[in-house]
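Q: Just passing along the structure, written as structure tokens.
Residue numbers (this note's numbering): 8 to 271.
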């Protein structure tokens, strides 16, 4: 049963979430052989999380979320379609790992797919901080979320590429047309809760500066920046480019291989 006070929900096609192939490629050079083997090992030592559900009746009966192998640093998640309490097909699979970083957040928006197996959440940590994050437990929690409830969330990310950059790297945008475009875009997105309206370009063209500050050059500090890499379609909002300092480094083991964890 859907929560009557659930956050705003946007549905897209399942294929817009992709098949997580980039995540598997981070873990192995031969995903075509290793991933099927890992899926089988996860079924041999499974964990079936219930998320926010108090009992099985609260869960979506059309899917099973199976994690495993139990005790591993990285969990192999597989969402299996179920009919008459029997598994029928693997809908999707993705890896995940635990994070020590926990925050309180409210769910402002859910971008999910037609099958309700995956989602990217727009999370508000405070009035100045919004984070988009893929929800590992959405397939079991999708009927439970309440827009007025505060939840404890864990944050981590997969890094596709790392490279050194100069400290305090900044650019100053002083071109009047670029300044106007930047100010207009930010103001319009703020007015529309972060969602670009269909007539975005028209609104940008019509926008006019409201204060003297709206005419000032824009300083972009790349050394302290997270830029979400919005794709042409919804469902990719959790992809981001980040620049900052590495403040910690540890390792973890998975299937006899060693992986590096960075605190940034």
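A virtual CB, placed ideally from N, CA and C, is assigned to each residue, including glycine.
Is it buried or exposed, residue 92, if we count other Cβ atoms within 10 angstroms and call 16 or more buried?
A: The count along the chain shown starts at 1 and reaches residue 92 at position 85. Residue 92 comes out exposed.
Q: If contact is defined by three or more beta carbon pairs under 8 Å, each pair taking one atom from either stretch, is the region 111-131 in contact with the region 44-59?
A: They do not touch, by the three-pair rule.
Q: Would a C-beta distance cut-off of 8 Å place residue 224 and residue 190 closer than the cut-off?
A: Stepping through the chain shown from its first residue, residue 224 is reached at position 217. Stepping through the chain shown from its first residue, residue 190 is reached at position 183. No, the pair does not count as a contact, with Cβ atoms beyond the cut-off.
Q: How many angstroms separate the CA atom of residue 181 from the CA atom of residue 221?
A: Here residue 181 refers to the residue found at position 174 of the chain shown. Here residue 221 refers to the residue found at position 214 of the chain shown. Their Cα atoms are separated by approximately 12 Å.
Q: Which of helix, strand or coil does DSSP assign to residue 111?
A: For the purposes of this step, residue 111 is taken as residue 104 along the chain shown, with counting starting at 1. Reduced to three states, the DSSP call for residue 111 is strand.
Q: Check the DSSP bridge columns for residue 94 and list the partner residues they point to.
A: For the purposes of this step, residue 94 is identified with residue 87 of the chain shown, where counting begins at 1. In the DSSP output, where bridge partners are listed per residue, residue 94 has 89.
Q: Below 6 Å CB to CB, which residues in the same chain sit around residue 127 once its five sequence neighbours on both sides are set aside?
A: Start at 1 with the first residue of the chain shown, and residue 127 comes out as number 120. Result list for residue 127: 118, 139, 141, 244, 245, in chain order.
Q: Could you tell me the boundaries of the alpha helix (DSSP H) in which residue 31 lies?
A: As a working note, residue 31 is residue 24 in the chain shown. Looking at the DSSP string, the run of the alpha helix (DSSP H) that includes residue 31 is 28-34.
Q: In the structure shown, what three-state DSSP assignment does residue 162 receive?
A: Counted from its first residue, the chain shown places residue 162 at position 155. In the structure shown, residue 162 sits in coil (DSSP, three-state: anything other than H, G, I, E or B).
Q: How about residue 152 and residue 114: are their beta carbons less than 8 Å apart?
A: The sequence position of residue 152 within the chain shown is 145, counting from 1. The sequence position of residue 114 within the chain shown is 107, counting from 1. Yes, the Cβ-Cβ distance between residue 152 and residue 114 is below 8 Å.
Q: Who are the Cβ neighbours of residue 255 in its own chain at under 6 Å, not counting the five residues just before and after it?
A: Working through the chain shown from its first residue, we reach residue 255 at position 248. Result list for residue 255: 270, in chain order.
Q: Are residue 98 and residue 83 closer than 8 Å when you measure CB to CB?
A: To locate residue 98, count along the chain shown from 1; it is residue 91. To locate residue 83, count along the chain shown from 1; it is residue 76. No, these two residues do not count as a Cβ contact at 8 Å.
Q: So, using beta-carbon positions, are residue 201 and residue 137 closer together than 8 Å?
A: Residue numbering aside, residue 201 sits at position 194 when the chain shown is read from its first letter. Residue numbering aside, residue 137 sits at position 130 when the chain shown is read from its first letter. Cβ distance < 8 Å, so residue 201 and residue 137 count as in contact.
Q: Evaluate contact between the region 29-38 and the region 156-171, counting only Cβ atoms and requiring at least three cross-stretch pairs below 8 Å.
A: With the cut-off at 8 Å, the region 29-38 and the region 156-171 touch.
Q: Quick one: measure Cβ to Cβ for residue 80 and residue 104, integer angstroms, because I've assumed they're closer than 8 Å.
A: Counting from 1 along the chain shown, the entry for residue 80 is found at position 73. Counting from 1 along the chain shown, the entry for residue 104 is found at position 97. Confirmed, about 6 Å.
Q: Skipping 5 residues on each side, what residues in its chain have a beta carbon closer than 7 Å to that of residue 155?
A: Mapped onto the chain shown, residue 155 falls at position 148. Excluding positions up to five away in sequence, the list reads 12.
Q: Given this structure, state the Cα-to-Cα distance separating residue 57 from residue 71, to the nearest angstrom.
A: Taking the chain shown and counting its residues from 1, one reaches residue 57 at position 50. Taking the chain shown and counting its residues from 1, one reaches residue 71 at position 64. Spanning the two alpha carbons is a distance of roughly 10 Å.
Q: Flag this pair as yes or no: are the beta carbons of residue 227 and residue 177 separated by less than 8 Å?
A: Counted from its first residue, the chain shown places residue 227 at position 220. Counted from its first residue, the chain shown places residue 177 at position 170. Going by C-beta atoms, residue 227 is nearer than 8 Å to residue 177.
Q: So, does the CB of residue 182 fall closer than 8 Å to a CB anywhere in chain B?
A: As a matter of chain content, chain B is missing from the structure shown, which is built from one protein chain.
Q: How far does the beta strand (DSSP E) with residue 133 in it reach, from first residue to last?
A: The residue you call residue 133 lines up with position 126 of the chain shown. Segment 126-133, the beta strand (DSSP E) holding residue 133.
Q: Going by beta carbon distance, what residues of the same chain come within less than 6 Å of residue 266, once the five residues before and after it are set aside?
A: Looking up residue 266 in the chain shown gives position 259. Counting only Cβ-Cβ distances below 6 Å, and skipping sequence neighbours, we find 259.
Q: Should residue 55 go down as buried or exposed, given a rule of 16 or more other Cβ atoms within 10 Å for buried?
A: Position 48 of the chain shown holds residue 55. So residue 55 ends up on the exposed side.
Q: Taking the alpha-carbon of residue 150 as reference, which of 61, 24, 15, 66 has the nearest alpha-carbon?
A: The residue labelled residue 150 in the question sits at position 143 within the chain shown. Measuring from the Cα of residue 150, the nearest candidate turns out to be 66.
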